[in-house]
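A quick write-up on the structure given underneath.
Chains as they are written, first to last, in the numbering used here: chain S, 6 to 315; chain F, 7 to 394.
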């Protein structure tokens, strides 16, 4: 046990926990936007897989990591159009169509990996960006200010999206559409347009989340996300539809993941014990869902397609 | 007294209504055709001839008796999960937890076979299947009760319980249930020892994989049909699915009904898990660390077959067999065309998206059909997949 509590191991664990939290955070924030406008997108995991693969392929071919991240966003936007078409225009049952998108992403990325990448190689890691001065703070500097730019971007999105949702006209329209689409429609807000925009933002972020995950891992493999996209959706409920709450949930997942990883590497807990430890966040999430369901109210129109005159 | 949405349609149909109903019936097959066409496009993209590809797929799935029996065996978990989905979705509970329920059922059944390996087959086989039902049933009851009593979103809780189940499975198969003999690089192989031959599902046709589970699954699917349409419990499930409020008002105990619907759905998936173990070629429970490695995605594909069957257990028999053919034939397609069989997973995904997308059109044409004989507006939601 004593090995674990040295300063170096501890800061490294927390720092990697923040990194592991980033894909959850990006995907969860995107999902928050959609859900506040009343759309549940359960296809996040599939979109993350597609985003991760397109980022991987781009990175392999060009070696340009920025381009790789953009490829992730690009495929996210494309899938966003499909998702919005299905859930907003065609008014499909969103919980189920999302499963379809997941299966599609899972199958297609396996297929593409086998056909397009005969010899999978790792791609370069994202460069660490040190924030001048702050990075030299003891411990805190290593943990918070020696990360890569995707991590900074994800965490900066938290205040940005909080501001957008609570303090801008656009945010007010999003919330109106999510709470009472009929009323919003009456005062001239286009329910479909707002929902299309939030779904597109959400899916773009899901694609970027996949790219982030890929760039942290360095190589694409079958089912790379391992349900992270589904967890991100759950984290939106966990965080009671607030960006800051989603951040808390993402950090929980990131930290537990990182602690399990560290203790496995150091041999503190046996391998089979680490399986039990890895159950913890999912169990916590179920219990959190229980308390959120009692304390917070979800957006009133969540998951309900809007039809005029009903 | 039957609720309006549950009445049978009169035999003589006005013309407008007939046309609207026809459209509502054509929508699902068209969705399948569109998905297969998209699959053909993907094959073309990878330089394969889609006609050759689909021919190989068909031959591999239904071409000879061996192919047919393999398909039948592959259909077993799809049918069981699908029949369970019919129950849950009809109660308007969206059970996405099939994967976890299969794993927990498989574990419970395996543990039973390991605990009492010497019981004679006629006792041990029913016992293991029952254990599977209990394991899966518990894993369905939890999200069901959470939904019914605490209003916890069942989609999320079932997904989370899938994640718990996979870790629990990995723990059990590398810890308490592990075979002490199978060493590999890095330690013991995460699998059980060879299970007692008394627990194996007997083969029905010599030289094929066709085992008793195929028959049991058929019987259970028919039982689900009887349950849903010939018992008052089934009526309550469907009524709750159409409207919780109205059912409450009519004096139905809504919360226990929802919990039981999920428990039964989980139990059927659990039996599927047991059959995956005792009907397997290796006759042991193995994990590669993922849920898919054990379930073969049956928890999700079961949703596909049930939706495609219009949430009708008897139609689910047909769709489970067809989709199993897609999965079995996918391997042959891979051999012939070099296009990986993962294409089938992608096509399945497309089918789901298309089916729920065209559902709106179906609902509208059905509403038009109803308007003709003024039965009133349809209720919203998946329960509208009801094939009257």
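Note that the Cβ used here is the ideal one computed from N, Cα and C, for glycine as well.
Buried or exposed (CB count within 10 angstroms, at least 16 for buried), residue i
i: residue 156 of chain S; result: buried
i: residue 168 of chain S; result: exposed
i: residue 341 of chain F; result: exposed
i: residue 303 of chain S; result: buried
i: residue 186 of chain S; result: buried
i: residue 363 of chain F; result: buried
i: residue 80 of chain F; result: buried
i: residue 128 of chain F; result: exposed
i: residue 76 of chain F; result: buried
i: residue 171 of chain S; result: exposed
i: residue 115 of chain S; result: buried
i: residue 96 of chain S; result: buried
i: residue 312 of chain S; result: exposed
i: residue 175 of chain S; result: exposed
i: residue 271 of chain S; result: exposed
i: residue 156 of chain F; result: exposed
i: residue 239 of chain F; result: exposed
Span of the beta strand (DSSP E) around residue i
i: residue 135 of chain S; result: 133-135
i: residue 152 of chain S; result: 151-153
For residue i, three-class secondary structure by DSSP
i: residue 237 of chain F; result: coil
i: residue 307 of chain S; result: coil
i: residue 223 of chain S; result: coil
i: residue 201 of chain F; result: coil
i: residue 322 of chain F; result: helix
i: residue 214 of chain F; result: coil
i: residue 167 of chain F; result: helix
i: residue 194 of chain F; result: strand
i: residue 290 of chain S; result: helix
i: residue 301 of chain F; result: helix
i: residue 209 of chain F; result: strand
i: residue 68 of chain F; result: helix
i: residue 206 of chain S; result: helix
Beta-carbon proximity of residue i to residue j, cut-off 8 Å
i: residue 280 of chain S; j: residue 307 of chain F; result: no
i: residue 265 of chain S; j: residue 287 of chain S; result: no
i: residue 355 of chain F; j: residue 108 of chain S; result: yes
i: residue 274 of chain F; j: residue 90 of chain F; result: yes
i: residue 146 of chain F; j: residue 107 of chain F; result: yes
i: residue 143 of chain F; j: residue 115 of chain F; result: no
i: residue 58 of chain S; j: residue 111 of chain S; result: no
i: residue 88 of chain S; j: residue 48 of chain S; result: yes
i: residue 99 of chain F; j: residue 264 of chain F; result: yes
i: residue 271 of chain F; j: residue 101 of chain F; result: yes
i: residue 400 of chain F; j: residue 334 of chain F; result: With chain F running from 7 to 394 in the structure shown, residue 400 of chain F is simply not present.
i: residue 92 of chain S; j: residue 199 of chain S; result: no
i: residue 36 of chain S; j: residue 238 of chain S; result: yes
i: residue 215 of chain S; j: residue 55 of chain S; result: yes
i: residue 84 of chain F; j: residue 311 of chain F; result: yes
i: residue 46 of chain S; j: residue 261 of chain S; result: no
Continuous alpha helix (DSSP H) stretch holding residue i: start and end
i: residue 294 of chain F; result: Element bounds for residue 294 of chain F: n/a, residue is neither H nor E.
i: residue 302 of chain S; result: Per DSSP, residue 302 of chain S belongs to no alpha helix (DSSP H) and is neither H nor E.
i: residue 41 of chain S; result: 12-41
i: residue 143 of chain S; result: That residue, residue 143 of chain S, is in no alpha helix (DSSP H); it is neither H nor E in DSSP.
i: residue 145 of chain F; result: 127-156
i: residue 101 of chain S; result: 99-121
i: residue 90 of chain F; result: 71-96
i: residue 274 of chain F; result: 260-284
i: residue 184 of chain S; result: 174-184
i: residue 235 of chain S; result: 233-243
i: residue 49 of chain S; result: 49-67
i: residue 181 of chain F; result: Looking at the DSSP string, residue 181 of chain F is not in any alpha helix (DSSP H), and its letter there is neither H nor E.
Under 9 Å by beta carbon: chain S residues contacting residue i
i: residue 339 of chain F; result: Under the 9 Å cutoff, chain S gives no residues; its nearest Cβ is about 12 Å from residue 339 of chain F.
i: residue 157 of chain F; result: 298 and 299
i: residue 170 of chain F; result: 284, 287, 288 and 291
i: residue 351 of chain F; result: 108, 109, 111, 112, 113, 115 and 116
Listed by chain order, chain F residues near residue i by CB distance under 8 Å
i: residue 140 of chain S; result: Residues of chain F passing the Cβ test: none, with the nearest at roughly 35 Å.
i: residue 97 of chain S; result: 359, 362, 363, 365 and 366
i: residue 120 of chain S; result: 52, 345 and 346
Closer than 7 Å at the beta carbon, the chain S residues around residue i
i: residue 296 of chain F; result: 228
i: residue 166 of chain F; result: 239, 287, 290 and 291
i: residue 176 of chain F; result: 280
Chain-ordered neighbours of residue i on chain S, where CB pairs are closer than 8 Å
i: residue 173 of chain F; result: 280, 281, 283, 284 and 287
i: residue 309 of chain F; result: 101 and 104
Chain F residues whose Cβ lies nearer than 7 Å to that of residue i
i: residue 47 of chain S; result: 161
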